[in-house]
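Asker: Read in the numbering used here, the sequence shown has 131 at position 129, and its numbers run on one by one without any break. Structure provided below as structure tokens; questions to follow.
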Amino acid sequence: MTQTAVALSTDARAAIAEALNQSVAETAVTTMLAQNFHWNVKGMAFGPLHDLFQKIYEDHFVAQDDLAERIRALDAHAEGTLAGMLERSKIKEHDGHATDKEMIKIMQEAQETLAATLAGCGELAAEHGDTLTEDLCIARGQDHEKFAWFLRAHLA
Ligand SMILES: [Fe+2]
Numbered sequence: 003m004t005q006t007a008v009a010l011s012t013d014a015r016a017a018i019a020e021a022l023n024q025s026v027a028e029t030a031v032t033t034m035l036a037q038n039f040h041w042n043v044k045g046m047a048f049g050p051l052h053d054l055f056q057k058i059y060e061d062h063f064v065a066q067d068d069l070a071e072r073i074r075a076l077d078a079h080a081e082g083t084l085a086g087m088l089e090r091s092k093i094k095e096h097d098g099h100a101t102d103k104e105m106i107k108i109m110q111e112a113q114e115t116l117a118a119t120l121a122g123c124g125e126l127a128a129e130h131g132d133t134l135t136e137d138l139c140i141a142r143g144q145d146h147e148k149f150a151w152f153l154r155a156h157l158a
């Protein structure tokens with residue numbers, strides 16, 4: 003049965019918030035990764051890659067806020083430290099020393115990881131009947147798969 007935030011049990015809200023915090027952490031780490039690559043990318047495709055990495059970090063900056071605020075709507079704590087996010091995130095930071103192709107590949111894999119994390123978060127929300135979180139996660143997962151395709155297309 004569909005449940006809104008107030009109708010969810012404390013345990014359900016905690017479990018969903020945990021999955022959302024994982025999503026926020028990976029989105030935030032990828033925001034920084036995209037800005038890092040936006041700054042440091044080199045090569046003949048500098049212009050479009052500089053722009054694409056900017057599109058990604060701008061999208062992710064908005065998304066991390068939407069996900070964190072959903073956690074607060076569930077009356078749970080949103081992890082707000084970089085150290086905490088880095089500890090949780092399966093996506094890791096990069097020193098920014100890489101070729102343009104390596105950057106594309108690293109960002110593609112980050113987008114695929116994010117799509118999987120968001121799909122899992124949506125599935126967990128659905129198990130608890132939390133349709134509204136599920137919807138947010140599905141939409142975000144689709145956005146990450148779109149970015150993964152944009153990046154993959156560069157390497158074809
Ligand atoms: Fe810039």
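Glycine is no exception: its CB is placed at the ideal position from the N, C-alpha and C atoms.
Have a look at L76 and N23 and give me their C-alpha separation to the nearest angstrom.
Answerer: Their Cα atoms are separated by approximately 12 Å.
Asker: Below 8 Å, how does it come out for the segment 108–126 and the segment 136–148: are there three or more Cβ pairs, yes or no?
Answerer: Yes: the two stretches touch, three or more of their Cβ pairs being nearer than 8 Å.
Asker: Report all residues from its chain with a CB closer than 8 Å to the CB of F152; omit the five preceding and five following residues, and keep chain order.
Answerer: Only L54 meet the Cβ criterion.
Asker: Check whether the Cβ atoms of A118 and I108 sit closer than 8 Å, and answer yes or no.
Answerer: Cβ atoms of A118 and I108: not closer than 8 Å.
Asker: Given 7 Å as the limit, tell me if Q165 has its C-beta closer than that to any heavy atom belonging to ligand 1.
Answerer: Outside the displayed span of the chain (3 to 158) sits residue 165, for which this structure offers no information.
Asker: Using a Cβ-Cβ cut-off of 8 Å (strictly less than) and excluding sequence neighbours within five positions of G45, which residues of its own chain qualify?
Answerer: Contacts found: L51, T101 and D102.
Asker: Going by DSSP in three states, G82 sits in which element: helix, strand or coil?
Answerer: Note: G82 maps to coil in three-state DSSP.
Asker: Nearest CA to the CA of L35: which residue from R154, L88 and A16?
Answerer: When each option's Cα is compared against that of L35, the closest is L88.
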